[in-house]
Every structure is written in structure tokens, then in C-alpha cells.
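Novice:
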Amino acid sequence: MNFDDTPEQARLRAEVRQFLAAHHDELAHGDGAYLEEPGHERVDELRRTQAVLFDAGYMGLTWPEEYGGGGGTNAQQAVINEELHRARVAGPVGHVGLGMCGPTILRHGSEDQKQRYIRRLLRADDMWCQLFSEPGGGSDLAALRTKATRHDDGWHVQGQKVWTTLAQHCRFGILLARTNPEAARHRGLTMFVIDMEAPGVTVRPLRQMNGHHSFNEVFLDDVVIADSERLGDVDDGWRVALTTLMNERMAVGGGGGELGVRSDVLVSHANRLLPRLSEERRVLAVEALGRVLVESLAARYSGYRLQTTLEKGEHPGPESSAGKLTAVRVAHATADLGLRLLGEDAVLARSRDGDWRWASAAASTPGIALAGGTDEILRNIVGERVLGLPPDRPRTPAAATATPIAESR
Amino acid sequence: MDFDIDDEQRNFAQHARDFFSEQAGPEHARTLLAAPGEAAPGRRVLAELGFSSLTIPEDFGGVGAELLNMALVAEQAGRQLAGPSLTTAARVAVLLADDADRLAAFSEGRLSLAVLDGPPSGSRPSMDVVGATHFLALDGDDLVIGEGRVTLGEPIDATRGLGYVELTSSEVVAQDAQARWARARQVACVILAAEGLGAADRAVEIGLEYAKTRETFGRQIGAYQAVKHRLVDDWVAVNQLRSLVWWAAWAADHAPDQLPIAASAAKAYCAGTFETACETLIHVLGGIGFTWEHDAHLYWRRAKVDRLLLGDESEHLAAVATCTLHAADAAATGELQPI
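Protein chains in written order, with our numbering: chain A, 1 to 409; chain B, 1001 to 1339.
#1: Buried or exposed: where does Arg-230/A fall if 16 or more other Cβ atoms within 10 Å of its Cβ makes it buried?
#2: What is the DSSP secondary structure of Ser-302/A, counted as helix, strand or coil?
#3: Taking buried to mean at least 16 other C-beta atoms within 10 Å of its own C-beta, is Asp-25/A buried or exposed?
#4: Please list, in chain order, the residues of the segment 2 to 19 of chain A that have any C-beta partner in chain B closer than 8 Å.
#5: Rounding to the nearest angstrom, what Cα-Cα distance links Trp-1250/B and Ala-333/A in this structure?
#6: Which residues, taken in chain order from the segment 304 to 317 of chain A, show a beta carbon closer than 7 Å to some beta carbon of chain B?
#7: Leaving out five residues on either side along the sequence, give the residues of the same chain with a beta carbon under 6 Å from the beta carbon of Leu-1033/B.
#8: Just curious, the alpha helix (DSSP H) that Val-79/A is in, first and last residue?
#9: How about the segment 193 to 202 of chain A and the segment 236 to 244 of chain A: do they share at least three Cβ pairs that are nearer than 8 Å?
#10: Could you tell me the boundaries of the beta strand (DSSP E) in which Leu-1186/B lies?
#11: Run through chain B and tell me which residues come within less than 7 Å of Tyr-67/A, C-beta to C-beta.
#12: Does DSSP put Glu-65/A in a helix, in a strand, or in coil?
#13: Just to make sure I have the definition right: I need the residues of chain A whose C-beta is within less than 8 Å of the C-beta of Ile-1156/B. Which are they?
#14: Strictly under 8 Å for the Cβ-Cβ distance: is Ile-1005/B near chain A by that measure?
#15: Within 8 Å (strictly less), CB to CB, does Pro-275/A reach chain B?
#16: I need the DSSP call for Pro-1125/B, collapsed to helix, strand or coil.
#17: Starting from Ala-1029/B, find everything on chain A with Cβ-Cβ shorter than 8 Å and list it in chain order.
#18: Work out the CA separation of Ser-1314/B and Ala-335/A for me, nearest whole Å.
#19: Any Cβ of chain B within less than 8 Å of the Cβ of Thr-244/A?
#20: What residues of chain B sit near Gly-383/A, judged by a beta carbon separation below 8 Å?
#21: Comparing the C-beta of Leu-1336/B with each C-beta of chain A, is any distance below 8 Å?
#22: Quick one: list the residues of chain A neighbouring Ala-1318/B, beta-carbon separation under 7 Å, in chain order.
#23: Which parts of the segment 225 to 286 of chain A are runs of the alpha helix (DSSP H), unbroken and 4 residues or longer, counting only runs that do not cross its ends?
#24: Phe-1020/B and Arg-1091/B: beta carbons closer than 8 Å?
#25: Assign Trp-63/A to one of two classes, buried (16 or more other C-beta atoms within 10 Å of its C-beta) or exposed (fewer than that).
#26: For the pair the segment 1314 to 1325 of chain B and the segment 288 to 297 of chain A, tell me if three or more CB-CB distances fall below 8 Å.
#27: Would you call the segment 372 to 382 of chain A and the segment 213 to 227 of chain A in contact, with 3 or more CB pairs under 8 Å?
#28: Less than 8 Å between the CB atoms is what I'm expecting for Ala-1271/B and Ala-1262/B, so what's the real figure, rounded?
#29: How would you label Gln-1178/B, buried or exposed, when you count the other beta carbons within 10 angstroms and need 16 or more for buried?
#30: Taking just the CA atoms, how far does Ser-268/A sit from Ala-1328/B?
#31: Just the C-alpha distance for His-1229/B and Val-1245/B, rounded to the nearest angstrom, thanks.
#32: By DSSP's criteria, Val-1250/B is part of a beta bridge. Which residues make up the other side?
#33: Just the Cα atoms here: how many angstroms apart are Ser-364/A and Leu-306/A?
#34: Could you give the distance in angstroms between the alpha-carbon of Arg-1180/B and the alpha-carbon of Thr-1333/B?
#35: DSSP three-state label for Phe-1290/B, please.
#36: I need the straight-line Cα distance from Leu-1192/B to Arg-88/A, nearest angstrom please.
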């Protein structure tokens, strides 16, 4: 057990710290994720930030060099991430590409796709989205009904996707569609790369309860995708999607990272407001703060353990689902305590001294508990795949996978 | 970053696991409720094996290991509800750090010690006083040792050896001992949390085994989300607790400035995690879990007692908050680096 940097890591840390200070004005900063409306101006600022970091060699450090990655180690990327966090640099806007689409392309894409897409994805020259969920199937992803049919000029896609994060800013997406309605639910799916500017793609932003437009509906009306843009084999999309989902749970909280407002932001908020409270309320508030901090520490150090296994070269397993569960709880508790510390002022979206962060965070956390696997789905994954509990299905798993989608419903 | 135990530590933990499953166990805890006495495996055996002198330097007859190694043993002791608590041993090692003779006597099992919480003229309920011949206490700023009059109460968990003690003799071991006393208590919190970790882990394990075999309405009960999700939440919490315990134990030897927060975080997180795991266990077991014959209540008893020992959850949550607020405030005014 050792938390110290190696001499090489210490050099990297010093170099990154110096770079982030020197380039402070070129980088976007923030108090946490999901606080601000991802409008064009903000997204452009965040894309420039990601480009600056890529050009410095700090994005995709572990990705293969031949496609624009750094060819480095998880340990090096971890040092960089810690320094980014320390310097309050906003999280990468291309997180869907970095966390989900990119790893999927690296694992299942053709050489040509890797050459064309990865470098631009890392630099946020192209933003990427993930077209999985549909109005009729979110948690039950294998129920999806968007169809891709093979023609001479490629695959023709017809259907609708929803909850597509930042699709309005994206140039590309990875799309899971049904290519064989006669096959069992999990077996008739194929994964594609879709050009979001192709004819027939209509993106309609959804307004969320926090007032933001992060999610979108995406309508696909006879969109043509070349067969060369397929990811993996025909009808093998479920296996490809599992790569994406595993990486998603790792990217979303698995590594012990914070999903909402940073805990140090909560601590300085508390330092400022605690003196204003009565003695009785202060006792309660301090205990509540302790509870949030302990949960946050537990999540952080569990993330370090997971990070250690990654640094030893192991892939993220179903255990990483547990990390997202706890990160969601911490995000919720942090936002809630931030509000409660404001007292009556928190009945308005912006407190008297102009603090809008906690109301925004509170209205954002319900979505975090749904995105990237709901709490319930994640508990099923941990229960069934890690702890060996029997599956929770009305039918046996064999029967479920044997039923062709054409016959269900 | 290497936040994991190594192979040698894993082997060591396995050795401890085998030992405690042979020499202790819930059946001993149940017997003890009817016939009070010292818990299994007992002081003498723990001293013989070197478990109680793990953190005592070799020069003083101990093993000279780090607190993390003791935490690994304590986890295994906790699984089997063993006693006396390694908490007492870890605390003694810190309190008597410059008393070579007494440390050697303790290491060799010739001196049976307990540490008193509260005033020596009449202590609060203190651990492992059953079978102890001498008691360490804080008297003002002095660390004292003496013999005492022990009053045992009716135990909830008989393995904790709890009683009230009034010192009948007193010798000053060290003056100006407040800081040492505080550190000893922090170290004790880490080991108590480690014992709670092992016990909670075992409680979840028993629940999982049962949920995979017991059937209702034609299905194993572990298939129902209402059952599955409670067990998953407890399993996740136990794993998070393990992270805190390892961190705190590591900090004791490698990052003493982090120990106060880490020890309180582990102790506070353990209180709720262990208790909830036992409540889930009893509920998942159904009626059988409510019987005297089942082991579930023995773990539940341990949880109900441990959560209050060495400071309850509220005290430690407040400690984490207060230390963090001070550190952040100091960092903001440029006095200190944040932790």
C-alpha cells in the first residue's frame, strides 16, 4: 500500500500543475458537473478546454499512440486527473466520447474508423453521443425497436432514440439498432457509427426539470449508414454494447470521482454559512456535513482501490457499478446539504447573495440516478453478476433471450 | 498509487482467518451470555500468537508490524466475534510506548490490561475489563495504571467484557499524556472498525447464502429485488468500509496528519454499516433469524454495542466535519495545505 508518487509521477504532477497554472485563462473551470446549461457558448468553451488539454498530451493518455492517444499508463492518467480536479478545471465536455464511444471504437472498430475518429474525439473536434435508449426501452435496452435494414447502398435506419446526451452538439454517435427481428432479443442487434449530420437525422433537445437541455430526442427517418460504419459483426451488437456500458459505469462514478458538486465546494460553503446559524442548528449541520464527507471519503477511497486494479491492467468489471451507486448518493446528499445550509433563502432558485449552484445541483441529481444505469439496474448487476444472486425476471433468462422481438408485445 | 494489500498480507489474513474460525465463533459468544467470563480465544492465546503485540516494537517483545496488519487480523477476529478486542491491544501499544517493562509483560501475556474510558474514580462502561488485572486510565493530564474494583453489568454482547471500574491504586505512567491518549483512541477506533468490518462482512455473507437457497412462491428469495437490493446495499457499504479501514490503518503509520479524520470516518461509517447489515440479515432470514439458536442476533448484539463504544456515530461525524472545516479554513488563509 502506497499513495506516494514515483519520481516519474511526481515529475508529471509538477509539470501538469505548472501547465494548468500557466494556461489558466484558456481553460474552463467549475464547481462540479451538471451545474450549468450546456448552451453553445459554454460547450464551445469546454471544447476549447479539452483541445488545450489534448494538445498538452493530457487527454486519452492510455489510448494507443497510433490513433492520437498518449500510449501511457492508467497511473499517469490518474495523476493528470487529480491535478485537473485540484485546479478546478471543468470535466471534459466530450465525456460520452471519452468514456463510452471511444473505448467501443477502439475495441470493435475497423482500422480505418480508429484512424478517422479517435484523434478528433480526444480533442473534442468532434463530439460524440450514444444512441441507445428509446421511448419504449431504457433499462431494458434489448427491447429497442429502431430498425436497420440492409440495402445495396448500406443500412437504412428507421426509429427514434431518446435521452441522448448533448446530441445537439455532436457530429457522430454510436447507434444500436435491430438488424434481425426474427432473432432472440439480445441476438438481433448491431452497432453502427452514425453521422449526426446525415439526411434523416433530426435532433430535438428536451428541456429537463433543471431547465437545461442536456438530453435530446433523436428521430431517424431512413438514415443511410454505410456498411463500413458497422462496429463489430452483424447481429453481434449486444456484445459491443456491453463494452460501452461497462465503460460507462466506470466513467460515471466508478473511479470514485464526484458526480455533482465538489465536496471541497460544500466545505467552503459550510465554512461561510455555519457562523450564521444558531447554536442548535449548527450542531445538526455539522453532523450532517460529517455524514456527507464520510460518504464522500468512502466513495473516493473505494475508487482508489478500483483504480489500483486498473493500474494492474485489469478491465473494469461489474464491481464498478457499485461506484456509480455511491457517487449518486454522495451527489444527492451534497446538493441537499448545500441547500439546507442556505436556510429559508433556498426557497428561491438564487439566494440573496446570488448563489444558484445548490438549487441547480438539487434539480440535476434525479437525472444522475437514472443516466448510465438506474440505481435499480445497477443493484441487479451487482447482485446477480458479482454476488451470484438469482436473476429477477418474470421468465427464465433462457426464455427471455429465446423470444424474438417480433413476437414480444 | 497502490491502494491494496500485498500477497504477504493476504496470506497473513488467511492465517488469521483459519485461526479465528477454529478458536472463536458465534457459538462461544452465545455460551458466554449464559456463563460470563473471558471471550474466546482469550488474552493468553492472542498473546502467544503475537496478535495482541503486533504493533509493539520488536525491542519490547512485540512483532513490530504496522497497524494495517493488525487491522487485517482484527477483521478476521470480528468475523468470529472473538475477544478480548484487539482494540485494547492496539491502544495499550500506543499508551505504553515508552514503558519497556510493561510492554514486554503485556506482549508475553504476563500483564492483563484494559483501558478505561472516563474518570478513574468511576469509569464509564469500558471494554475488556473482564479478566483484566490492571487498568490504564487518563487522570487529568496523567496516564495512570492501577488495580481496580470491577462492576459488571448485564451484557448485551458478552464478548466485549464490559464493566465499570473504580481504580483502587494508581501510579503515574506518563505526564502530559493528552495527545498520546487521543492518538491511542484514534488507533483503537480503526481497529474497532476493522472488527466491525469483519463481522458485517460475515453478516452479509450469511444473508446471501440464505437468499440463494430459501424459496418462497416457487422462487429463491434472492431473486426478489426487495431482498436483493438490501443485500447489495449492505455489500457495497461493507466494501466501502473496507476502503476506509485500510486508509485509516495505513495513515496511522504513514500519514499521521490524516489519522484523526480517517479514524473517525471509519468508526462512524462502521456504526451504521454493521448495524444495518445485521438488521438486514435478521429480516432476510425471517423467523429463524429471530431465534436464540441462530447466530444472527449475536452479530446484531455486537453491532448494537460497538456503535456506542469509543464515541458514537454523531461524535465521529462531527469530528470529521470539524477537522475538515478547520483544514479548509487554514488552507484558505494560507496556513496549511488542505488534506
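We put the beta carbon where it would ideally sit given N, CA and C, even for glycine. The structure presented is a predicted model; accordingly, all values stated were derived computationally and were not measured.
Specialist: Quick look at the numbers:
#1: As a position in the first sequence, residue 230/A is number 230, starting the count at 1. Here Arg-230/A is buried. Its C-beta has 16 or more other C-beta atoms within 10 Å.
#2: Against the first sequence, residue 302/A aligns to sequence position 302. In the structure shown, Ser-302/A falls within a helical segment according to DSSP collapsed to helix, strand and coil.
#3: Along the first sequence, one-based indexing puts residue 25/A at 25. Counting of Cβ neighbours within 10 angstroms places Asp-25/A among the exposed residues, the total staying below 16.
#4: Against chain B - using a Cβ distance shorter than 8 Å - the residues of the segment 2 to 19 of chain A are Asn-2 and Phe-3.
#5: Against the second sequence, residue 1250/B aligns to sequence position 250. Against the first sequence, residue 333/A aligns to sequence position 333. Within the model, the alpha-carbon separation for Trp-1250/B versus Ala-333/A is close to 28 Å.
#6: Within the segment 304 to 317 of chain A, the residues whose Cβ lies closer than 7 Å to some Cβ of chain B are Tyr-304, Arg-305, Gln-307, Thr-308 and Glu-311, listed in chain order.
#7: Sequence index remark: in the second sequence, residue 1033/B carries index 33 (1-based). If we look at Leu-1033/B and ignore the five residues flanking it on each side, its Cβ neighbours are Ala-1158.
#8: Taking the first residue of the first sequence as position 1, residue 79/A is located at position 79. Its alpha helix (DSSP H) spans residues 74 to 86.
#9: Contact between the segment 193 to 202 of chain A and the segment 236 to 244 of chain A is absent, because fewer than three Cβ pairs lie under 8 Å.
#10: As a working note, residue 1186/B is residue 186 in the second sequence. According to the sequence provided, residue 1186/B is Gln. The question's Leu does not apply to it. Careful: Gln-1186/B lies outside any beta strand (DSSP E), inside the alpha helix (DSSP H) at 1178 to 1213.
#11: Looking up residue 67/A in the first sequence gives position 67. Within chain B, no residue has its beta carbon less than 7 Å from that of Tyr-67/A; the closest one is some 26 Å off.
#12: The residue you call residue 65/A lines up with position 65 of the first sequence. Residue state, collapsed to three classes: helix.
#13: In the second sequence, the residue the question calls residue 1156/B occupies position 156. Near Ile-1156/B there are no residues of chain A at all, since even the closest Cβ is about 25 Å away, more than 8 Å.
#14: Indexing the second sequence from 1 puts residue 1005/B at position 5. At a cut-off of 8 Å between beta-carbon atoms, Ile-1005/B makes contact with chain A.
#15: Locating residue 275/A in the first sequence gives position 275, counting from the first residue. Pro-275/A does not count as touching chain B.
#16: Residue numbering aside, residue 1125/B sits at position 125 when the second sequence is read from its first letter. Three-state result, Pro-1125/B: coil.
#17: What you label residue 1029/B is simply residue 29 of the second sequence in a count that begins at 1. Those do not exist, as Ala-1029/B stays about 26 Å from chain A at its closest Cβ, beyond 8 Å.
#18: Looking up residue 335/A in the first sequence gives position 335. Looking up residue 1314/B in the second sequence gives position 314. Between the alpha carbons of Ala-335/A and Ser-1314/B lies a gap of roughly 21 Å.
#19: As a position in the first sequence, residue 244/A is number 244, starting the count at 1. Not an interface residue.
#20: As a working note, residue 383/A is residue 383 in the first sequence. The contacting residues are Gly-1222, Lys-1228, His-1229, Leu-1231 and Val-1232.
#21: Along the second sequence, read from residue 1 onward, the residue named residue 1336/B stands at position 336. In this prediction, Leu-1336/B scores a pLDDT of 49, lower than 50, which makes its location untrustworthy; the coordinate-derived value is nonetheless stated afterwards. No, Leu-1336/B lies away from the interface with chain A (no Cβ there is under 8 Å from its Cβ).
#22: Translated into the one-based positions of the second sequence, residue 1318/B becomes position 318. Val-286, Glu-287 and Gly-290, listed in chain order.
#23: Taking only runs of at least 4 residues, the alpha helix (DSSP H) segments lying wholly in the segment 225 to 286 of chain A are 237 to 249 and 263 to 273.
#24: Here residue 1020/B is taken as the residue at index 20 of the second sequence, counted from 1. Here residue 1091/B is taken as the residue at index 91 of the second sequence, counted from 1. In this structure, Phe-1020/B sits away from Arg-1091/B, with a CB-CB distance that is not shorter than 8 Å.
#25: Within the first sequence, numbered from 1, the residue matching residue 63/A stands at position 63. Flag for Trp-63/A reads buried.
#26: A contact is defined here as three or more CB-CB pairs under 8 Å, and the segment 1314 to 1325 of chain B meets this definition with respect to the segment 288 to 297 of chain A.
#27: Segment contact: the segment 372 to 382 of chain A against the segment 213 to 227 of chain A, fewer than three CB-CB distances shorter than 8 Å; contact not assigned.
#28: Here residue 1271/B refers to the residue found at position 271 when the second sequence is read from its first residue. Here residue 1262/B refers to the residue found at position 262 when the second sequence is read from its first residue. Wrong, their Cβ atoms sit about 15 Å apart, outside the cutoff.
#29: The count along the second sequence starts at 1 and reaches residue 1178/B at position 178. Counting Cβ neighbours within 10 Å, Gln-1178/B comes out exposed, since fewer than 16 surround it.
#30: Translated into positions along the second sequence, residue 1328/B becomes position 328. Translated into positions along the first sequence, residue 268/A becomes position 268. So the alpha carbons of these two residues sit roughly 7 Å apart.
#31: Working through the second sequence from its first residue, we reach residue 1229/B at position 229. Working through the second sequence from its first residue, we reach residue 1245/B at position 245. In a straight line, the C-alpha of His-1229/B is about 24 Å away from that of Val-1245/B.
#32: Position 250 of the second sequence holds residue 1250/B. Before going further, note that residue 1250/B is Trp rather than Val in the sequence given. Per DSSP, none; premise fails for Trp-1250/B.
#33: Counting from 1 along the first sequence, the entry for residue 364/A is found at position 364. Counting from 1 along the first sequence, the entry for residue 306/A is found at position 306. Taking the straight line joining both Cα atoms gives about 26 Å.
#34: For the purposes of this step, residue 1180/B is identified with residue 180 of the second sequence, where counting begins at 1. For the purposes of this step, residue 1333/B is identified with residue 333 of the second sequence, where counting begins at 1. Annotation: Arg-1180/B to Thr-1333/B spans about 29 Å, alpha carbon to alpha carbon.
#35: Counted from its first residue, the second sequence places residue 1290/B at position 290. Reduced to three states, the DSSP call for Phe-1290/B is helix.
#36: Here residue 1192/B is taken as the residue at index 192 of the second sequence, counted from 1. Here residue 88/A is taken as the residue at index 88 of the first sequence, counted from 1. Taking C-alpha positions only, Leu-1192/B is separated from Arg-88/A by approximately 36 Å.
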